[in-house]
Ligand SMILES: Nc1ncnc2c1ncn2[C@@H]1O[C@H](COP(=O)(O)OP(=O)(O)OP(=O)(O)O)[C@@H](O)[C@H]1O
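Residue numbers (full-length UniProt numbering): 1 to 378.
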């Protein structure tokens, strides 16, 4: 085995240049919007800007990268600017300032023709209210983007059938939207977006209108398709469990600003402020935090014959392993020992407070209550 590393997550995200890079993006609604940016007014808070100018700052100085193949979730309360932000990514809403780069190209400089091509070929959107054409059959809705592109009937129907198959709607090709349930309509929306084989998928609260069980199915569907197709996706939601389930990384928005961008573990394990803490406080930490997050290098003399766990194993699943023996769990990726997790480390994950002091106190009380902690501290 190679030597252990103390590197923290995330380690399995895609490397390389971002697919989408957003730099210092602003969107200010209102007739006097241009009087705000670049003046001292822009430093005032949202309410003060509205009072002074009548303008609404929907997106304020937002920067982030979306890596190829990742699902990047944007989450926040109603009115925090999520929909405006996602629409700025294809200039469905024109940003007031800043840049959006797609594969390094600044889309701010695109003319109408190039912008149309971008929306037809490179980026597809799935909307909350499906956005289907009511008078068209499912297959014609799915084929719509291909028709707009000028693809011939036989070819576009073949492609549309393939997509309908892919989202599990075979047999419903000829149904009109009002003959389909909400979940099925959104599958049509998904198939339509995928039909044009876009590089990027933008989801604007696509499952908010669906019943919880259907919603769960659709989330599974997105994860399955993502595994298969590896598209880059930006996914808007105001539902934390959806964000945690789908997001490789999650951005939390408040009043137009990004408060924190991180993996589920980073948000749950180290919330940036009380706003994020409020969002994540009811999350069961052992379901989210992984051994990769908690691991540390082995200590001198610590036994290294404990059970093995993959880096993404959640804490809940290693608790039985730790309970069964005293040696720490070894976190292993292939042949490489990445680190170890002992009983006290697992307690730290369960505890709200992850400071060293709290960890030590938890370990001490565990030792006092039941013998060795199995991590060399006892
Ligand atoms: N066309 C518009 N004109 C003026 N103000 C707007 C416009 N669109 C959005 N806003 C304002 O911008 C702010 C951000 O709105 P946005 O819809 O982006 O938020 P959101 O987080 O997507 O909310 P929700 O979850 O309710 O959809 C809000 O204060 C909203 O009222």
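From the three backbone atoms N, C-alpha and C, an ideal C-beta is built for every residue, glycine too. Note that the coordinates shown come from a computational prediction; the quantities given were computed from them, not determined experimentally.
heavy atom of ligand 1 below 7 Å from residue i C-beta
i, result
"residue 29", "yes"
"residue 56", "yes"
"residue 84", "yes"
"residue 238", "yes"
"residue 170", "no"
"residue 78", "yes"
"residue 342", "no"
"residue 81", "yes"
Straight-line Cα distance separating residue j from residue i
i, j, result
"residue 31", "residue 171", "50 Å"
"residue 302", "residue 340", "10 Å"
"residue 8", "residue 295", "With a pLDDT of 35 at residue 8, under the threshold of 50, the predicted position of this residue should be treated as unreliable, though the coordinate-derived value follows. When rounded, the distance between both Cα atoms is 8 Å."
"residue 353", "residue 106", "The pLDDT assigned to residue 353 is 49, lower than 50, so where the model puts this residue is not dependable; a value taken from the coordinates is nonetheless given after this. Going from the Cα of residue 353 to the Cα of residue 106 covers about 43 Å."
"residue 224", "residue 209", "21 Å"
"residue 181", "residue 188", "11 Å"
"residue 99", "residue 320", "49 Å"
"residue 77", "residue 211", "20 Å"
"residue 228", "residue 331", "27 Å"
"residue 349", "residue 137", "51 Å"
"residue 264", "residue 300", "32 Å"
"residue 142", "residue 221", "17 Å"
"residue 260", "residue 297", "28 Å"
"residue 1", "residue 49", "Any reading at residue 1 must be qualified, since the residue scores a pLDDT of 40, below 50, and its modelled position is unreliable; no value is offered."
"residue 16", "residue 178", "44 Å"
"residue 145", "residue 88", "21 Å"
"residue 328", "residue 277", "30 Å"
"residue 91", "residue 334", "44 Å"
"residue 373", "residue 293", "A caution first: residue 373 carries a pLDDT of 40, below 50, which makes its placement in the model too unreliable to give a value."
"residue 24", "residue 97", "7 Å"
"residue 34", "residue 85", "18 Å"
"residue 314", "residue 213", "24 Å"
"residue 113", "residue 345", "56 Å"
"residue 67", "residue 117", "22 Å"
"residue 242", "residue 218", "11 Å"
"residue 11", "residue 338", "For residue 11, the pLDDT reaches just 38, beneath the cut-off of 50, and the residue's location in the model is therefore unreliable, although a value from the coordinates is still provided. Going by the C-alpha atoms only, they are around 11 Å apart."
"residue 185", "residue 279", "30 Å"
"residue 51", "residue 147", "47 Å"
"residue 115", "residue 108", "9 Å"
Proximity winner among the options, relative to residue i (alpha-carbon distances)
i, options, result
"residue 73", "123, 88, 250 and 278", "250"
"residue 102", "276, 19 and 176", "19"
"residue 167", "120, 174, 158 and 191", "191"
"residue 248", "34, 99 and 71", "71"
"residue 46", "37, 36, 57 and 53", "57"
"residue 306", "314, 299 and 326", "326"
"residue 342", "335, 336, 351 and 318", "318"
"residue 140", "175, 345, 205 and 312", "175"
"residue 27", "60, 40 and 17", "60"
"residue 199", "226, 207 and 41", "226"
"residue 257", "63, 38, 34 and 234", "63"
"residue 121", "162, 195 and 111", "195"
"residue 162", "267, 193, 54 and 119", "193"
"residue 65", "266, 115 and 234", "234"
"residue 282", "291, 269 and 21", "269"
"residue 287", "236, 316 and 216", "316"
"residue 22", "75, 29, 95 and 55", "95"
"residue 236", "266, 183, 38 and 125", "125"
"residue 246", "41, 322 and 207", "207"
Near ligand 3: residue i beta-carbon under 7 Å from a heavy atom
i, result
"residue 172", "Although ligand 3 was asked about, the structure shown includes only ligand 1 as ligands."
- Query: Which ranges would you report for the alpha helix (DSSP H) in the region 9–96 if only whole runs of at least 4 residues count?
  - Reply: 46–53 and 82–88
- Task: Ignoring anything shorter than 3 residues or poking outside the region 208–296, list the beta strand (DSSP E) runs there in chain order.
- Result: 232–237, 249–254 and 257–262
Requested in this report: Ignoring anything shorter than 4 residues or poking outside the region 99–176, list the alpha helix (DSSP H) runs there in chain order.
Outcome: 112–117, 138–149 and 153–166
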